[in-house]
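Enquirer: Protein chains in written order, with the numbering used here: chain A, 152 to 477; chain B, 152 to 477; chain C, 152 to 477; chain D, 650 to 758; chain E, 650 to 758; chain F, 650 to 758. C-beta atoms are modelled at their ideal positions from N, C-alpha and C, and glycine is treated no differently. Take a look at this one; I'll ask things after.
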Amino acid sequence: MSITSLLVPAILFFALGMFAQVIKSDLKFPPDMHKMIVIYLLIGIGLHGGKALTQGSMGDALPAVGAAFLFGIGLPILAYIILRGLGKIDPLNAAAISAHYGSVSAGTYMTAVAFLGGIGVTFEAYPVIMLAIMESPAIMIGLVLAGYSRKVMGGATKGEKGMYMHLLREAFTNGSILLLFCSMGIGAVVSDPSYHKIEPFFETIFMGALCLFLCDMGMEAGKRLSEFKAVGVFLVCFGIAMPLIGAICGLMVGHFWLGYSVGGVTLVTVLAASCSYIAVPPAMRLAVPEANPSFYLTLSLGVTFPFNVVIGIPLYYGAAQYLAGV
Amino acid sequence: MSITSLLVPAILFFALGMFAQVIKSDLKFPPDMHKMIVIYLLIGIGLHGGKALTQGSMGDALPAVGAAFLFGIGLPILAYIILRGLGKIDPLNAAAISAHYGSVSAGTYMTAVAFLGGIGVTFEAYPVIMLAIMESPAIMIGLVLAGYSRKVMGGATKGEKGMYMHLLREAFTNGSILLLFCSMGIGAVVSDPSYHKIEPFFETIFMGALCLFLCDMGMEAGKRLSEFKAVGVFLVCFGIAMPLIGAICGLMVGHFWLGYSVGGVTLVTVLAASCSYIAVPPAMRLAVPEANPSFYLTLSLGVTFPFNVVIGIPLYYGAAQYLAGV
Amino acid sequence: MSITSLLVPAILFFALGMFAQVIKSDLKFPPDMHKMIVIYLLIGIGLHGGKALTQGSMGDALPAVGAAFLFGIGLPILAYIILRGLGKIDPLNAAAISAHYGSVSAGTYMTAVAFLGGIGVTFEAYPVIMLAIMESPAIMIGLVLAGYSRKVMGGATKGEKGMYMHLLREAFTNGSILLLFCSMGIGAVVSDPSYHKIEPFFETIFMGALCLFLCDMGMEAGKRLSEFKAVGVFLVCFGIAMPLIGAICGLMVGHFWLGYSVGGVTLVTVLAASCSYIAVPPAMRLAVPEANPSFYLTLSLGVTFPFNVVIGIPLYYGAAQYLAGV
Amino acid sequence: MFNRADVLISMIRIEIVIDEEKLGDLIALLRTVDVRGYTFMRHGGGLGSRGERRPDDIALEERNAIVILACEEKQAERVVMALRPKLKEYGGMCLMSDCKWVIGPAASY
Amino acid sequence: MFNRADVLISMIRIEIVIDEEKLGDLIALLRTVDVRGYTFMRHGGGLGSRGERRPDDIALEERNAIVILACEEKQAERVVMALRPKLKEYGGMCLMSDCKWVIGPAASY
Amino acid sequence: MFNRADVLISMIRIEIVIDEEKLGDLIALLRTVDVRGYTFMRHGGGLGSRGERRPDDIALEERNAIVILACEEKQAERVVMALRPKLKEYGGMCLMSDCKWVIGPAASY
Ligand SMILES: Nc1ncnc2c1ncn2[C@@H]1O[C@H](COP(=O)(O)O)[C@@H](O)[C@H]1O
Ligand SMILES: Nc1ncnc2c1ncn2[C@@H]1O[C@H](COP(=O)(O)O)[C@@H](O)[C@H]1O
Ligand SMILES: Nc1ncnc2c1ncn2[C@@H]1O[C@H](COP(=O)(O)O)[C@@H](O)[C@H]1O
Ligand code: NA
Ligand code: NA
Ligand code: NA
């Protein structure tokens, strides 16, 4: 893997965005542009994933679904134990942060796809299902952890039931999750000629649009750098260590359990290593209003996302190659 | 015509949008995104239509222009009579609603084009002229009907002259109408090599962008469902019956008078069956401020548009096939 | 050069926008749409330019860089002398206006590229470097002229040092300039396969997106027409004469010094003839708050830009052909 | 303030800040007490008892709506009394102050 | 309110709500009576005598602009008198109230 | 205004207009004097001593932010005194007026 393989346009645009922020440029994308690109990209991954899935058998997808649930439930618990045990982080902040690490980042996933595409590596269709699934269990487990924390702290738990139902709804009706799932459905059912008519928009120009998205994410990450001090050394380290821990789980599951190719293992690893910034933050804001959003947002957008995009993805790919003995 | 021919991505995205609204998802597109897509789509149809028209003779277009005026004037009068006679709707609301049914919905037209494209049916270039023309006469006839209503009701008609002139201007300077007309002009005059340079943007990715538009329209339609009760049973039924009546006129005119192919007849039918939500609502708001906008908007966006997109288009296509004896 | 060569879609869309404004249509693009398209276009030119540059040698680019600095410094001084000497414009307004004429308009440049593409004329890769460079020196020279004016007028010059540093930073961290430069860098370093993945988005659909941009610019220009009276006859004439003067300099430099082909000379001429409306106006607003923004904005967006787009580009191309003896 | 009864009417100005998502509920509530005019602006941000609310945040967009309402004193009392229990649930803020309605546009209060 | 003449100046605050499309006309009108400062926000919605106005409605977008104006009492009277006939035509709302201008930024009233 | 101490608390309403870019600084400043609630709107325009400011101008976009702040009189004095020197630098406007806080939502002043 040479240095030029790191010169993926998407990653360079991420760096451009961060650089602009660091030198205090006035570069800024309209907020609606970000939303539009996210909508577009989610539909794009969904359609493509749905189409790809119809080429495989539904039964083969089951282990991926299982792995998604395993990650979505296991990783937040692991994160919670680390945050409480090693970091002495207060229980509710620990719960809120943990939930983010059980979930995934569609942006990181797409960057990984762009990375693999850039070096011509193919991959299985199933990781996209995991992407679609993983956001929901993490939300629920976050709520469970918060409830447990409150009980430990001896606080009021009144109204918790209503919150469970509310978030359960939320976990399935959240706009981004819905868009991803339904687009997968649409991709799976439309005929090939129909699909070819929308392919130029949703696939051919996808990788370019992703660059705009990552440029914006770079600016966002750059903005969050200034909050490192407020967040503290432990949490910043956690924001790098946790994806590595997730990555190890991902590599194991992807290689030994799911038995995917190098590309597929890389994607599974990226999923396990990444953390959410789409559906989980608003859910935790609602479920754990006592937690400080600047903690989980700084970790998610300012530490883990940039780490994964710039260092993580090639690293995980290298590890996947090593495991496969390539 | 099998069930898969209904699985047109554009229509599925419409369903997705409606579904999101029905399950109360927080999915929402930025309002500016809607405007941008509409601008893009109008230019796209215009350019394509203009280019296509240069391949035919201008004389052949004349009957289409005639049919457009016939629909634009005849259908609102028909609608007014039905609303007043059968529904006992008060005159000014009847006038405002009627005007919408003389006009057309570019969104429905584009969905029909996507539908025909998905099953590989070709069509004439002339219906696009009708699309561009039909919005304007409907506005004027709406004003005439409102003036007539006011006279019948014995109300003040002072200042009506000014309003006529004002709306006449409006009917020609309305942004959407202008964009469609001028893009047709541009499509007609540019050279082929020049056109090929902008084709990837305005044609190749068109059908994908249309999906985003229809997803948004689906959410809009879903939102309007809740207003069905306020609008009343008669009007909701009218919102389904009127496009069917329009469709019959469209089929007759398209097949017997214009003598188009199955695809062309389908499009003419769709035009006659569809009702405006772009230029007519603001014009009626100005011309007939006494009318309740929630009546005509619910009918247009919540009843007739979804009916046409989901049921109407395949139905009209089937009828056109039947007429052609295919 | 026939009349049809003027029927470039981009230019026709500019005319459409102006027409809409002149007939007082309510056509309006969302402001964020403008920003998004500008971001997209700047990245697009940057990437393409960067890629093209790697095909030449870096040494060949040096004269272009020199010419850019020459224009950026020389043309504002020339403009200042004309405005002060012939027009008796007050010193600070003269300084602010002059700065705009040392800089360039990316929109004009792209229209020229579209024009050349439409008639199949190729060009060198270097003018794009000039485009990226020229905005910065003009800002600095504007500040120098303003400082000189203030000294001549005997006004306070306190705090000028800070302003110099501030604007120097600004000249390099300005979002648009940064985007253009960094995209050129990215275009230069990414591998060919990587580039091909983002090409559909940033190149294939570029010319179509440019049409939307020019339509919006046409509306903007149309809006500014109404301010001609406030600006005065002299300045309006200056807004046409100055690009012609710049064009003569551009033709000489492009043909005799740089020795470019007809296409390349046209682009260099367009750069010298065009005037900024992106980075310079906010810089002058800050540096010369005493100047009236409606003067330089009307000249830049209402006079020089439309003149160059509609008349200038074909004229400069004709002159370049004449010089080359074609 | 210049005081001419043919030009100015004494009124109450009510200003409410509330989550944008609750705006629909608030308006419905205002309708139940027969409010005949209000103005709202969406897309606001702020700080309150529940912490910061940032519009346009990429990951955690929270917006406030501001509602302004001019009405006569009697009506103001009804509005405020109807609002109070809801505001306890919604959070936000409600301010009242005296003002004069300039006679001119159609009365919608 | 703490009352220190070196910090606070008594003024009038005028608040106008009007169709966004008419904002240009309104500003031109304010200019004719030599107003030297105002602030506006576009993209508002509301309810009034002409029914609901919804910004961001797909089919029928109607927006209000809100203009805030601080000026001295004399000037306020001129502004209001100039505005009234226009408001009859435009609709909307105009409120007046007392306020204090905090001395500090350049005087623009 | 109907006057019931169980429903209304006398307060000061502060309204600040400032360049949108300076909003972050302003909020930081407000934080230093322990302000516990404020509301802001971005994307405003206006006229002042430095001329017109137009949001959404293609070439020269200049935006104002409007900050509204309700607090008790003591606190208002602190806020205003802390703000004044900054406003000299930033420009803009700061108005103060009396108002009543409607008891109901969590106290954030
Ligand atoms: N004292 C205050 N002054 C101005 N706005 C306030 C104040 N307190 C609360 N708000 C607004 O009300 C919103 C919700 O407040 P809360 O429910 O207390 O978090 C905040 O985000 C602010 O926009
Ligand atoms: N008298 C005033 N009334 C309302 N707003 C004002 C007033 N003076 C200034 N402003 C606002 O403050 C902004 C900056 O003012 P300035 O720094 O004086 O240019 C202006 O753009 C207006 O939005
Ligand atoms: N009593 C009121 N309080 C607050 N805003 C009002 C009031 N009456 C009218 N408005 C505003 O003025 C706009 C136009 O009013 P109208 O012309 O009466 O329809 C409305 O859409 C509201 O935004
Ligand atoms: Na994870
Ligand atoms: Na019709
Ligand atoms: Na120049």
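Using the C-alpha atoms, what's the distance from V341 (chain A) back to V189 (chain B)?
Expert: Mapped onto the second sequence, residue 189 (chain B) falls at position 38. Mapped onto the first sequence, residue 341 (chain A) falls at position 190. Rounded to the nearest angstrom, the two C-alpha atoms are 24 Å apart.
Enquirer: Would you say H317 (chain C) faces chain F, with C-beta separation under 8 Å as the test?
Expert: Reading the third sequence from its first residue, position 166 is the one you call residue 317 (chain C). False, the Cβ-Cβ gap to chain F never drops below 8 Å.
Enquirer: Here's the rule: buried if 16 or more other CB atoms are within 10 angstroms of the residue's CB, otherwise exposed. What is P734 (chain F)?
Expert: Position 85 of the sixth sequence, counting from 1, holds the residue named residue 734 (chain F). Under this definition P734 (chain F) is an exposed residue.
Enquirer: Closer than 7 Å: is that where the CB of C720 (chain D) sits relative to any heavy atom of ligand 3?
Expert: Along the fourth sequence, read from residue 1 onward, the residue named residue 720 (chain D) stands at position 71. Yes.
Enquirer: Could you name each continuous alpha helix (DSSP H) segment of 4 residues or more that falls completely within the stretch 249 to 295 of chain A, going from the start of the chain to the end?
Expert: Counting only runs of 4 or more, we get 257 to 269.
Enquirer: Looking at chain C, which residues of the stretch 330 to 342 of chain B have a Cβ within less than 7 Å of any of its Cβ atoms?
Expert: For the stretch 330 to 342 of chain B, which is checked against every Cβ of chain C, the residues closer than 7 Å are L330, C333, I337, V340, V341 and S342.
Enquirer: Go ahead and label Y739 (chain D) buried or exposed: buried means 16 or more other beta carbons lie within 10 angstroms of its beta carbon, across all protein chains shown.
Expert: On the fourth sequence, position 90 is the one that residue 739 (chain D) refers to. It is buried - the Cβ of Y739 (chain D) has at least 16 other Cβ atoms within 10 Å.
Enquirer: Does the separation of the CB atoms of A203 (chain C) and L361 (chain C) fall below 8 Å?
Expert: Counting from 1 along the third sequence, the entry for residue 203 (chain C) is found at position 52. Counting from 1 along the third sequence, the entry for residue 361 (chain C) is found at position 210. The answer is no: Cβ separation not under 8 Å.
Enquirer: Residues of chain B with CB under 8 Å from S176 (chain C), in chain order?
Expert: Here residue 176 (chain C) refers to the residue found at position 25 when the third sequence is read from its first residue. Residues of chain B passing the Cβ test: T324, N325, G326 and L329.
Enquirer: Examine the Cβ distances between the stretch 358 to 378 of chain A and the stretch 445 to 460 of chain A and report whether three or more of them are shorter than 8 Å.
Expert: Touching, per the Cβ criterion.
Enquirer: In terms of residues, what are the limits of the alpha helix (DSSP H) holding F332 (chain B)?
Expert: Taking the second sequence and counting its residues from 1, the one referred to as residue 332 (chain B) is at position 181. G326 to V340 is the span of the alpha helix (DSSP H), which, as asked, contains F332 (chain B).
Enquirer: Should N713 (chain E) be counted as a contact of ligand 3 given a C-beta to heavy atom distance under 7 Å?
Expert: Counting from one through the fifth sequence, the residue named residue 713 (chain E) turns up at place 64. Checking every heavy atom of ligand 3 against the Cβ of N713 (chain E), one is found closer than 7 Å.
Enquirer: Chain E partners of P440 (chain B), CB-CB under 9 Å?
Expert: Position 289 of the second sequence, counting from 1, holds the residue named residue 440 (chain B). Within 9 Å Cβ-Cβ: R699 and G700.
Enquirer: Of the residues F:K671, F:R727, F:D674 and F:A719, which one's Cα is nearest the Cα of I661 (chain F)?
Expert: Translated into the one-based positions of the sixth sequence, residue 661 (chain F) becomes position 12. Among F:K671, F:R727, F:D674 and F:A719, the Cα nearest to that of I661 (chain F) is on F:A719.
Enquirer: Can you find a C-beta in chain E that's less than 8 Å from the C-beta of R662 (chain D)?
Expert: As a first step, residue 662 (chain D) must be located in the fourth sequence, where it is residue number 13. Chain E, which has a Cβ nearer than 8 Å to the Cβ of R662 (chain D), makes this yes.
Enquirer: Determine whether the beta carbon atoms of M690 (chain E) and M690 (chain F) lie at a separation below 8 Å.
Expert: Here residue 690 (chain E) corresponds to residue number 41 of the fifth sequence, with the count starting at 1. Here residue 690 (chain F) corresponds to residue number 41 of the sixth sequence, with the count starting at 1. Contact: yes.
Enquirer: So which residues on chain C does P351 (chain B) lean against when the C-beta distance must stay under 7 Å?
Expert: Here residue 351 (chain B) is taken as the residue at index 200 of the second sequence, counted from 1. The contacting residues are T355, I356 and G359.
Enquirer: For R699 (chain D), which residues in the same chain have their Cβ closer than 7 Å to its Cβ, ignoring the five residues on either side in sequence?
Expert: Reading the fourth sequence from its first residue, position 50 is the one you call residue 699 (chain D). The residues are G740.
Enquirer: Could you check which residue in C:P432, C:G197 and C:L296 has the C-alpha nearest to that of A276 (chain C)?
Expert: In the third sequence, counting from the first residue as 1, residue 276 (chain C) sits at position 125. The shortest Cα separation from A276 (chain C) among C:P432, C:G197 and C:L296 belongs to C:G197.
Enquirer: Roughly how many angstroms lie between the CA atoms of K302 (chain A) and D655 (chain E), to the nearest whole one?
Expert: In the first sequence, the residue the question calls residue 302 (chain A) occupies position 151. In the fifth sequence, the residue the question calls residue 655 (chain E) occupies position 6. Going by the C-alpha atoms only, they are around 56 Å apart.
Enquirer: Rounding to the nearest angstrom, what Cα-Cα distance links S327 (chain A) and M314 (chain B) in this structure?
Expert: Taking the first residue of the first sequence as position 1, residue 327 (chain A) is located at position 176. Taking the first residue of the second sequence as position 1, residue 314 (chain B) is located at position 163. Spanning the two alpha carbons is a distance of roughly 46 Å.
Enquirer: Taking the alpha-carbon positions, what's the I356 (chain B) to E722 (chain E) distance?
Expert: Translated into the one-based positions of the second sequence, residue 356 (chain B) becomes position 205. Translated into the one-based positions of the fifth sequence, residue 722 (chain E) becomes position 73. Approximately 60 Å, taken between the alpha carbons.
Enquirer: Is any non-hydrogen atom of ligand 1 found closer than 7 Å to the C-beta of S746 (chain F), if you look at the structure I gave you?
Expert: Mapped onto the sixth sequence, residue 746 (chain F) falls at position 97. No; taking the cut-off as 7 Å, the Cβ of S746 (chain F) has no heavy atom of ligand 1 nearer than that.
Enquirer: Once DSSP output is grouped into helix, strand and coil, what is the label at R691 (chain E)?
Expert: Translated into positions along the fifth sequence, residue 691 (chain E) becomes position 42. Reduced to three states, the DSSP call for R691 (chain E) is strand.
Enquirer: Please return the same chain residues whose Cβ sits closer than 7 Å to the Cβ of Q724 (chain D), not counting the five positions on each side in sequence.
Expert: As a first step, residue 724 (chain D) must be located in the fourth sequence, where it is residue number 75. Nothing listed; no residue qualifies.
Enquirer: Any chance you could list the alpha helix (DSSP H) runs of at least 4 consecutive residues sitting entirely within the stretch 158 to 200 of chain B, in chain order?
Expert: Qualifying alpha helix (DSSP H) stretches, in chain order: 160 to 173.
Enquirer: Going straight from the alpha carbon of I284 (chain B) to that of H692 (chain F), what length do you get?
Expert: For this step, residue 284 (chain B) is matched to residue 133 along the second sequence. For this step, residue 692 (chain F) is matched to residue 43 along the sixth sequence. Using only the alpha carbons, I get a separation of about 38 Å.
Enquirer: Less than 8 Å between C-beta atoms, sequence neighbours within five positions excluded: which residues of the same chain meet that for L330 (chain C)?
Expert: For the purposes of this step, residue 330 (chain C) is taken as residue 179 along the third sequence, with counting starting at 1. Only I190, L193, I194 and G197 meet the Cβ criterion.
Enquirer: When you measure from the CB of L696 (chain E) to every non-hydrogen atom of ligand 3, does any distance come out below 7 Å?
Expert: Here residue 696 (chain E) is taken as the residue at index 47 of the fifth sequence, counted from 1. Flag set: Cβ of L696 (chain E) near ligand 3.
Enquirer: If we ignore side chains and look at the alpha-carbon of each, how far apart do A471 (chain B) and V416 (chain B) end up?
Expert: Along the second sequence, one-based indexing puts residue 471 (chain B) at 320. Along the second sequence, one-based indexing puts residue 416 (chain B) at 265. Going from the Cα of A471 (chain B) to the Cα of V416 (chain B) covers about 6 Å.
Enquirer: Just verifying my parser: in three-state terms, what is the DSSP assignment at N244 (chain A)?
Expert: Reading the first sequence from its first residue, position 93 is the one you call residue 244 (chain A). Reduced to three states, the DSSP call for N244 (chain A) is helix.
Enquirer: If you follow the alpha helix (DSSP H) that M403 (chain A) is part of, which residue opens it and which one closes it?
Expert: Taking the first residue of the first sequence as position 1, residue 403 (chain A) is located at position 252. Counting along the chain, the alpha helix (DSSP H) containing M403 (chain A) begins and ends at V384 to M403.
Enquirer: Note down, in chain order, every chain F residue with its Cβ under 8 Å from the Cβ of L744 (chain D).
Expert: The residue you call residue 744 (chain D) lines up with position 95 of the fourth sequence. By Cβ distance, chain F contributes M660, R662, A719, C748, K749, W750 and V751.
Enquirer: T417 (chain B): beta carbon under 7 Å from a heavy atom of ligand 3?
Expert: Taking the second sequence and counting its residues from 1, the one referred to as residue 417 (chain B) is at position 266. For ligand 3, not one heavy atom lies less than 7 Å from the Cβ of T417 (chain B).
Enquirer: In the DSSP assignment, what residue or residues form a beta bridge with S746 (chain D)?
Expert: Within the fourth sequence, the letter at position 97 stands for residue 746 (chain D). Paired residue(s): D:R662.
Enquirer: Tell me whether R320 (chain C) is buried or exposed, calling it buried when 16 or more other Cβ atoms sit within 10 Å of its Cβ.
Expert: Here residue 320 (chain C) corresponds to residue number 169 of the third sequence, with the count starting at 1. Burial call: exposed.
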